[in-house]
Amino acid sequence: MTAHLRGLVPADQHRPLGRYLAAVTGYAVSEGVAFGVLVPLLTALIDGHPATAAWWLIPLTAAAAAGWCAHYYLGSRALRLSSAWRRALYARLGDKLLTLPLGWFDGPSASQVPQLIIGDVARVATTVFFAEALIGAVLTPVTIGVFMLGFDWRLGLAALLAVPIVLVAVSIGSRLTERTEAANHAATVEAGSRLVEFAGAQPTLRATGSTAAGRAALDEALAAQHRAARREIVGSLPGEYLGALGIQLAFTALFLAGLALVTHHHLSPTRMIVLVVLGISLLRPLDALVGLSAAVRSAQASAQRIDELLAVEPLPEPVTGRRIDQGRIELTDVHFAYPGSPHGPSLEATDPEEGTSPEVLSGLTLTIPAGRTTALVGPSGGGKTTVTKLIARFHDVGSGSVRIGGVDVRDLTSRDLLNHIALVFQDVYLLDGTVEDNIRFGNPDATPEQVRDAACRARVDAIVARLPDGWASRVGEGGRLLSGGERQRVAIARALCKDAPIVLLDEATASLDTENETAVHAALAELAADRTVLIIAHRLDTIVRADQIAVLDGGRVVECGRHDELLARDGRYAAFWRERERARGWRLRRDDQEPAAPVSP
3 MTAHLRGLVP
13 ADQHRPLGRY
23 LAAVTGYAVS
33 EGVAFGVLVP
43 LLTALIDGHP
53 ATAAWWLIPL
63 TAAAAAGWCA
73 HYYLGSRALR
83 LSSAWRRALY
93 ARLGDKLLTL
103 PLGWFDGPSA
113 SQVPQLIIGD
123 VARVATTVFF
133 AEALIGAVLT
143 PVTIGVFMLG
153 FDWRLGLAAL
163 LAVPIVLVAV
173 SIGSRLTERT
183 EAANHAATVE
193 AGSRLVEFAG
203 AQPTLRATGS
213 TAAGRAALDE
223 ALAAQHRAAR
233 REIVGSLPGE
243 YLGALGIQLA
253 FTALFLAGLA
263 LVTHHHLSPT
273 RMIVLVVLGI
283 SLLRPLDALV
293 GLSAAVRSAQ
303 ASAQRIDELL
313 AVEPLPEPVT
323 GRRIDQGRIE
333 LTDVHFAYPG
343 SPHGPSLEAT
353 DPEEGTSPEV
363 LSGLTLTIPA
373 GRTTALVGPS
383 GGGKTTVTKL
393 IARFHDVGSG
403 SVRIGGVDVR
413 DLTSRDLLNH
423 IALVFQDVYL
433 LDGTVEDNIR
443 FGNPDATPEQ
453 VRDAACRARV
463 DAIVARLPDG
473 WASRVGEGGR
483 LLSGGERQRV
493 AIARALCKDA
503 PIVLLDEATA
513 SLDTENETAV
523 HAALAELAAD
533 RTVLIIAHRL
543 DTIVRADQIA
553 VLDGGRVVEC
563 GRHDELLARD
573 GRYAAFWRER
583 ERARGWRLRR
593 DDQEPAAPVS
603 P
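Numbered according to the numbering used here, the sequence shown spans residues 3 to 603.
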């Protein structure tokens, strides 16, 4: 068992696993002994000495009884060990996921978690079943080899010399088969992806009349998969038969060696026939050994991926939390860069010369007053969302500090920090439960009246009214049964139900229509009356209502103040405002119309 696999064995299963492996060893040796005892027994029977053969029945029966007992124990223990191993891995992974930094889930590794939990854990747990076959494929031939050397060292040596030849032949055949299987697997995955893409793109393809063009890529992928499958069938035949050919050649060589010994009167014909048959029993398990080694390599790779997840360091937390007396937020000279991956949450590409992500925030300093609403504006990639994630401690700052109520967020436990913060992001994920369950998720101790009140203030009651089961209606995985705007209203209701002193809103009204946006703005205004609110928005009405507006550019605050003050400065914010008003006044026209002047806001 490799180091990665050993490290994942639960501590309370070390002794049971040791007993299991000892039983596997005993079973494999007893099977080899049973084969070895057959040689003198069959020799005595063929030579006409039944009394001598009867004596050899005693060790044969003992070996068979020992093997039966070991096999019975193996059957009862393998499933228990595998189930216990699987449960322990699920528990360890679940505990680990609860301690990972929230920012880790924005990175590429998070997408691998479902496959890791579903596939990798199962592969690791099933190595218990591989043990019997793997150890048997090694120890049983070794035991038979010892018997052959004892009966006739020359035939025994010939059989042992044939072992590496058989292993090489089987290994080459396995590699040939794996190569064609890998190509077919890749083509099958590509065809499946194209099929899903074609099905999902039907509205767009039909609206543009491009169904035939859209099908071309699918047809090509299916044709490629057919060609790969055909190549796999044809290409795997040599690999499948090469191992059998190696065993046949080894058997022929062993038979010729025995025949030579018989010809020169160094071995009786009876003993030669029995030993050659025993040699086949020595060589046959080697075929399974190569296939099992591939399965073990796959399990080892799965164990390594699990180890990598378990090795991710959580953000350090204090043993005891600290009290937050008020909601003032202070970011002081904050520098931050996402971990070096172009697929991470950073909006900027990784610097190819330095190999690390450039700084998203470069010396940002901002004070968000308690009980007031602060709006963050600025170009995409300016660090607005990053500010909210650092306040919620998805990541730790590279340098500088983030303080809430005068306390550094690194001196707060995750529970204490997140209990004071309600988060509503643009990409809303809902649990596959009822509408009421998703709202109550913000505050499990909320009364039914509090849940309904938060829902009404976020205008979720209008959504519930049209659903077939009302409040008991399920929203589907991720909220897929609701529209984007409806999901955001449920998320806002969840934040209202949580009733946290700090609210972080990242484009929370982006998917709302005008009527519902007005209603939700009224609810947010009520929520912000005595709370600290940080809102990222591009809509003008949302920005104007803020008590303070901070303009981010280049990873730092370049302007800060009220709406009227910033317009009077005629700086970055004023230019941003003029651009937004100009865009808001655009309207479509027909080609036969005169150009229309922008509509006044």
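Ideal Cβ positions, reconstructed from N, Cα and C, are used throughout, including at glycine.
- Nearest C-alpha to F578 among R558, V553, V559 and S283: V553.
- The C-alpha of I146 is placed about 16 Å away from the C-alpha of V168.
- Around the C-beta of S283, 16 or more other C-beta atoms lie within 10 Å, and the residue is accordingly described as buried.
- Per the C-alpha coordinates, the member of A65, K386, P318 and T128 positioned closest to R82 is T128.
- Counting C-beta pairs with one atom in each stretch, the region 44 to 55 and the region 265 to 281 have three or more that are closer than 8 Å, which means they touch.
- Beta bridge pairing from DSSP links E332 with T369 and R405.
- Remark: C-beta atoms of L76 and A36 do not approach each other more closely than 8 Å.
- Excluding its 5 nearest sequence neighbours in each direction, R533 has C-beta neighbours in its own chain below 8 Å: G329, G373, A502, P503, I504 and V505, listed in chain order.
- Annotation: the continuous alpha helix (DSSP H) that includes T388 extends over K386 to I393.
- Taking a C-beta distance under 8 Å as the contact criterion, G385 and D335 do not qualify as a contact pair.
- Following the DSSP letters along the chain, one finds V39 in no beta strand (DSSP E) but inside the alpha helix (DSSP H) bounded by residues H16 to I48.
- The three-state reading of DSSP puts H228 in helix, counting H, G and I together.
- Shown here for L59: same chain residues with a beta carbon closer than 8 Å to its own, the five before and five after excluded, namely L43 in chain order.
- Distance between H228 and G96, taken at the CA atoms: about 41 Å.
- Here the alpha carbon of N445 sits roughly 20 Å from the alpha carbon of G323.
- For S304, the secondary structure class from DSSP, reduced to helix, strand or coil, is helix.
- A check of alpha carbon separations from V130 across F153, S85 and L280 identifies S85 as the nearest.
- Annotation for Q452: the continuous alpha helix (DSSP H) segment containing it runs P450 to R459.
- Using a 10 angstroms sphere on the CB of P166, the tally of other CB atoms stays under 16, which defines it as exposed.
- Sequence-distant partners of F338 (beyond 5 residues in either direction) whose C-beta falls short of 6 Å from its own C-beta, in its chain, are V362, L363, V399 and G400.
- Nearest to E583 by C-alpha distance, out of F107, L251, V546 and L498, is V546.
- Annotation for V535: no alpha helix (DSSP H) segment contains it, though the beta strand (DSSP E) segment containing it runs T534 to I538.
- A distance below 8 Å separates the beta carbons of A133 and L23.
- Cα atoms of Y575 and V453: separation of roughly 39 Å, rounded to the nearest angstrom.
- Under the 10 Å beta carbon count, G69 is surrounded by 16 or more other beta carbons and is classified as buried.
- As a beta-bridge residue in DSSP terms, H337 pairs with S364 and S401.
- Taking the CA atoms as reference points, I370 sits about 23 Å from A493.
- Under the criterion of beta carbons closer than 8 Å, P381 and D508 do not qualify as touching, at roughly 16 Å.
- By the Cβ rule, the region 306 to 324 does not count as touching the region 147 to 154, because fewer than three pairs are nearer than 8 Å.
- In this chain, the alpha helix (DSSP H) harbouring G69 covers P52 to T101.
- The distance from the Cβ of R496 to that of F443 is about 6 Å, consistent with a contact at the 8 Å cut-off.
- Under the three-state reduction of DSSP output, E319 falls in the coil class, being neither helix nor strand.
- When the beta-carbon positions are compared, T367 and V559 come within less than 8 Å of each other.
- Between G486 and L432, the beta carbon gap of about 11 Å keeps them out of contact (Cβ cut-off 8 Å).
- According to the DSSP secondary-structure assignment, L432 is paired through a beta bridge with G480.
- Only residues of its own chain outside the window of five on either side were considered, and among them L294 have a CB closer than 6 Å to the CB of L136, listed in chain order.
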